Amino acid sequence: MPPIRTERLVIRLAKAGDAAPVAGLMSKAISVRLASWPLPWTEERMAARIAEWRGIGLPCVVERAGDGALIGWVHALRAREDPDRASMGWWCAEAHQGHGYIREAAAALLPVVFDRLGVSVVEAGAQPDNHASFAVMRALGMKPVGVRTTYAAARGRYEPTLFHEIRRG
Ligand SMILES: CC(C)(COP(=O)(O)OP(=O)(O)OC[C@H]1O[C@@H](n2cnc3c(N)ncnc32)[C@H](O)[C@@H]1OP(=O)(O)O)[C@@H](O)C(=O)NCCC(=O)NCCS
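See below:
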């Protein structure tokens, strides 16, 4: 996937050398909102994830176009149980939240997900009180499809997750 450029951002596939700087941005406030990014989120864990996820989707870092600052992370992965479906996820470094960066990054990645993964449906899910993440989903044109219980490996328990999705076209 060639890098995607938006007005303020560059979204590009993560590579091995991104493991340390991306891991360094993970914090408790971010981790508690994510199902599978437990603390301590180490360079080794990040490197393993980048390698694994490059095989099943588009794991991407988000950088600011002006100064190259690392802003956060956006990914899309083909669903194991349904190859016609992909799931997206995202997080933004605490210092950069509230500027609409991830909204911009995810919106730019979405059409590429449909094209490159060839899926018919893209979904995203979040804890039912994660209003910032639902704002991103709405901005992508995703609509709520209901709550499912999902396993949060980060906390070793099942949690309710409110899913949104959008269909190709
Ligand atoms: C969800 C997240 C990626 C949104 O990224 P972002 O670039 O900050 O998104 P935006 O700036 O477009 O903000 C989205 C909404 O959340 C609000 N918001 C974002 N950061 C906020 C903060 N730190 N405090 C309060 N509100 C915040 C914005 O006001 C906006 O709401 P609005 O549309 O009603 O105005 C980011 O908040 C984050 O990384 N959170 C922790 C990890 C997480 O929840 N990931 C998603 C798991 S499903």
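All residue numbers for the sequence shown refer to this note's numbering, where the first residue is 27 and numbers rise by one.
C-beta: ideal position from N, C-alpha, C; glycine also.
Please read all numbers here as calculations on a predicted model, not as lab measurements.
A straight-line Cα-Cα distance of about 18 Å links Val148 and Leu60.
DSSP lists no bridge partner for Lys54. DSSP places Glu107 in the coil class of the three-state scheme, outside both helix and strand. Between the region 80 to 98 and the region 61 to 71, the count of C-beta pairs closer than 8 Å stays below three; the two stretches do not touch. The beta carbon of Ala46 sits closer than 6 Å to the beta carbons of Glu69 from its chain, once the five residues preceding and following it are set aside; these are given in chain order. Between Ile97 and Ala42 a beta carbon distance of about 20 Å is seen, past the 8 Å cut, so the two are scored as non-contacting. Separation of the CB atoms of Glu120 and Arg34 is rounded to 18 Å, and the pair is thereby denied contact status at 8 Å. Straight through space, the alpha carbons of Leu136 and Val48 are spaced by roughly 21 Å. Secondary-structure assignment with DSSP links Tyr177 through a beta bridge to Tyr184. Collapsing the DSSP output to three states places Trp116 in a strand. Shown here, Glu70 sits in a helix according to DSSP, grouped into three states.
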